Amino acid sequence: MAAALRGGLTSTVVHVNDLEACFGQPRGYSTVDAWEELEAAVGPLPSDYKEFVAAYGPGVVGGFLHVLHPASAGHGMFEIMERMAPLYQELVPGPIPHPVFPSEPGMVQWAITVEGDACFLVPRPGGGWRIGVWFRQWAQWEEYEDSVPDWLLRQAGGTLVIDGLPLHVRGGFVPVD
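All residue numbers for the sequence shown refer to my numbering, where the first residue is 1 and numbers rise by one.
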């Protein structure tokens, strides 16, 4: 089954003002060093993703999407990945077309919805990452070329409307730690 590749602006520069207008002031939750352990296993993650999550920390976007952080006490990225990876791996190479970390080269889960859908950073052959989303309730997989901040901004702003991810309805970012 081929993954659906959805629109995306691969070279969009996300401005701090755009992020602050949509998600409020950054909290300075951590430094990008929080990803060292994970990057030792999977390789360098996208810097714009790390910078966004380091600035805002773990939280909920649009009242729906829980963004994970490796240093979060309450929503630990490693704990969620460890618990969920075996379940997702059972669906590879069927509905989920790529291996899931800790398998190599494994996708890295970076968010989960209130309905159990999962967002991944999907390694590209030759380097780089794209976003993959497993829609649990529809047993459907989609991929996007956007960076994580661009993808979130476009959804919260209503320029990227994804059935099943209603981030544009409420928008905003609510910290959880």
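Yeah, the Cβ is synthetic: ideal placement off N, Cα and C, and Gly gets one too. Note that the structure is predicted; figures quoted are calculated from it, not measured.
Q. Gly62 to Ser103, Cα distance in whole Å?
A. For the purposes of this step, residue 62 is identified with residue 62 of the sequence shown, where counting begins at 1. For the purposes of this step, residue 103 is identified with residue 103 of the sequence shown, where counting begins at 1. Roughly 31 Å separates the two Cα atoms.
Q: Could you check the C-alpha separation between Val161 and Gln155 for me, to the nearest Å?
A: Taking the first residue of the sequence shown as position 1, residue 161 is located at position 161. Taking the first residue of the sequence shown as position 1, residue 155 is located at position 155. A direct Cα-to-Cα measurement between Val161 and Gln155 gives close to 6 Å.
Q | Proximity to Asp177 [Cα-Cα], best of Gly76, Val42, Val114 and Gly132 | A | By one-based count along the sequence shown, residue 177 stands at place 177. Comparing Cα-Cα distances from Asp177 to each of Gly76, Val42, Val114 and Gly132, the minimum goes to Gly76.
Q.
When you compare the CB positions of Leu65 and Leu121, do they come within less than 9 Å of one another, or not?
A. Locating residue 65 in the sequence shown gives position 65, where the first residue counts as 1. Locating residue 121 in the sequence shown gives position 121, where the first residue counts as 1. Against a cut-off of 9 Å, the Cβ pair of Leu121 and Leu65 comes out as no contact.
Q | Close beta carbons around Gly164, own chain, < 6 Å, minus the five adjacent residues each side | A | Sequence index remark: in the sequence shown, residue 164 carries index 164 (1-based). Same-chain partners within the cutoff: Phe135.
Q) How many Å lie between Phe23 and Pro93 at the Cα? A) Start at 1 with the first residue of the sequence shown, and residue 23 comes out as number 23. Start at 1 with the first residue of the sequence shown, and residue 93 comes out as number 93. Phe23 and Pro93 have their C-alpha atoms roughly 36 Å apart.
Q.
Let me confirm a value: Glu115 is counted as buried when at least 16 other C-beta atoms fall within 10 Å, else exposed. Which label applies?
A. Taking the first residue of the sequence shown as 1, we reach residue 115 at position 115. Sixteen is the threshold: since fewer than 16 other Cβ atoms of the shown chains lie within 10 Å of the Cβ of Glu115, the residue is exposed.
Q: Give the straight-line distance between the Cα atoms of Leu19 and Ile112, rounded to the nearest whole angstrom.
A: Within the sequence shown, residue 19 is the residue found at index 19, counting from 1. Within the sequence shown, residue 112 is the residue found at index 112, counting from 1. Using only the alpha carbons, I get a separation of about 20 Å.
Q. When DSSP labels each residue in this structure, what does Gln25 get in the three-state scheme?
A. Within the sequence shown, numbered from 1, the residue matching residue 25 stands at position 25. DSSP places Gln25 outside both helix and strand once states are collapsed to three, so it counts as coil.
Q. Can you give the beta carbon distance from Glu51 to Val32, rounded, assuming they're within the 8 Å contact cut?
A. For this step, residue 51 is matched to residue 51 along the sequence shown. For this step, residue 32 is matched to residue 32 along the sequence shown. With 8 Å as the limit, Glu51 and Val32 qualify as a contact, their Cβ atoms being about 6 Å apart.
Q: For Gly57, count neighbouring Cβ atoms within 10 angstroms of its own Cβ and tell me buried if that reaches 16, exposed if not.
A: The count along the sequence shown starts at 1 and reaches residue 57 at position 57. Around the beta carbon of Gly57, 16 or more other beta carbons lie within 10 angstroms, which makes this residue buried.
Q. Hey, how far is the Cα of Val108 from the Cα of Met81?
A. Taking the sequence shown and counting its residues from 1, one reaches residue 108 at position 108. Taking the sequence shown and counting its residues from 1, one reaches residue 81 at position 81. Taking the straight line joining both Cα atoms gives about 8 Å.
Q: From the DSSP output, read off the bridge partner residues of Leu121.
A: Translated into the one-based positions of the sequence shown, residue 121 becomes position 121. Listed as beta-bridge partners of Leu121 by DSSP are Val108 and Ile131.
Q: Classify Pro97 as helix, strand or coil using the three-state DSSP reduction.
A: Here residue 97 refers to the residue found at position 97 of the sequence shown. Under the three-state reduction of DSSP, Pro97 is assigned to coil, being neither helix nor strand.
Q. From Val60 to Gly172, what does the alpha carbon distance come to, in whole angstroms?
A. Stepping through the sequence shown from its first residue, residue 60 is reached at position 60. Stepping through the sequence shown from its first residue, residue 172 is reached at position 172. Near 8 Å, if we compare the C-alpha coordinates of Gly172 and Val60.
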